[in-house]
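Student:
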Amino acid sequence: MNRVGTGWDIHALVEGRPLVLGGVNVDSPKGCLGHSDGDALIHAVIDSVLGACAMDDIGTLFPDSDAQYKGISSKILLTKVMDLVRAKGYRIVNVDTTVILQSPKLGPYKEEIRRTMSDLLGVEQSAFSVKAKTAEPMLGELGRGDAVVCQSVCLVSDCQ
Ligand code: MG
């Protein structure tokens with residue numbers, strides 16, 4: 003049986019923080035504010051995977067009140083989630099994502115993001131998609147380049 007899940011995340015962008023999206027360091031003067039490394043793309047993907055398996059959400063599994071997750075790479079969080087998902091007998095079929103970010107352009111980073119994310123998810127690179135969009139300049143924090151939004155849809159299959 004196939005099951006679908008969605009995920010969404012938003013992080014503020016501030017100077018002096020690294021910008022990490024999909025496990026890849028993106029060259030930018032601003033990065034994501036967050037308790038972990040602030041990787042909004044991995045966070046959205048995690049919630050879509052968990053949602054497809056009806057296994058709660060990222061904030062419940064990794065509470066930001068817990069000091070052990072301070073500054074942690076979100077790649078480690080996704081690896082933990084994949085261990086839980088596999089233990090329940092699910093595998094990822096494909097994941098489709100959208101990143102809404104004013105700058106920098108993500109084009110030069112897309113292949114590395116797809117390679118990194120497909121490795122973490124245990125799928126072929128063709129099963130992970132990342133699309134990049136910008137927002138209209140008048141649209142609040144997104145338009146000013148003070149935030150990044152990531153969306154994810156995930157299809158999983160049970161292995162029986
Ligand atoms: Mg987040």
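Okay, so the sequence shown: first residue is 3 according to our numbering, each after it adds one. Idealized CB from N, CA, C, for every residue including glycine.
Just the C-alpha distance for G24 and K90, rounded to the nearest angstrom, thanks.
Tutor: Our two residues, G24 and K90, have alpha carbons roughly 24 Å apart in a direct line.
Student: Rounded to whole angstroms, what is the Cα-Cα separation between S75 and G7?
Tutor: 23 Å
Student: What are the boundary residues of the beta strand (DSSP E) that D11 is part of?
Tutor: 4 to 17
Student: Pairs of beta-carbons, one from the segment 61 to 75 and one from the segment 99 to 106, closer than 8 Å: are there three or more?
Tutor: no
Student: On the three-pair Cβ rule with 8 Å, is the segment 115 to 122 touching the segment 54 to 64?
Tutor: no
Student: Would DSSP call G33 helix, strand or coil?
Tutor: strand
Student: Let me know the secondary structure DSSP gives T62 once reduced to three states.
Tutor: helix
Student: Have a look at G142, A129, E143 and flag the residue whose alpha-carbon is nearest the alpha-carbon of C156.
Tutor: Check the Cα spacing between C156 and each of G142, A129, E143: the tightest is with A129.
Student: In chain order, what residues have a CB nearer than 6 Å to some heavy atom of the ligand MG?
Tutor: Here the residues come out as D11, H13, G36, A42, H45.
Student: Please determine, among L52, V150, I12, the residue with the shortest C-alpha to C-alpha distance to L108.
Tutor: For the options L52, V150, I12, the alpha carbon positioned closest to that of L108 is the one of V150.
Student: If we count the other Cβ atoms within 10 Å of its Cβ and call it buried at 16 or more, is Q127 buried or exposed?
Tutor: exposed
Student: Between V87 and V47, is the Cβ-Cβ spacing less than 8 Å?
Tutor: Here V87 is not near V47, since their CB atoms are 8 Å or more apart.
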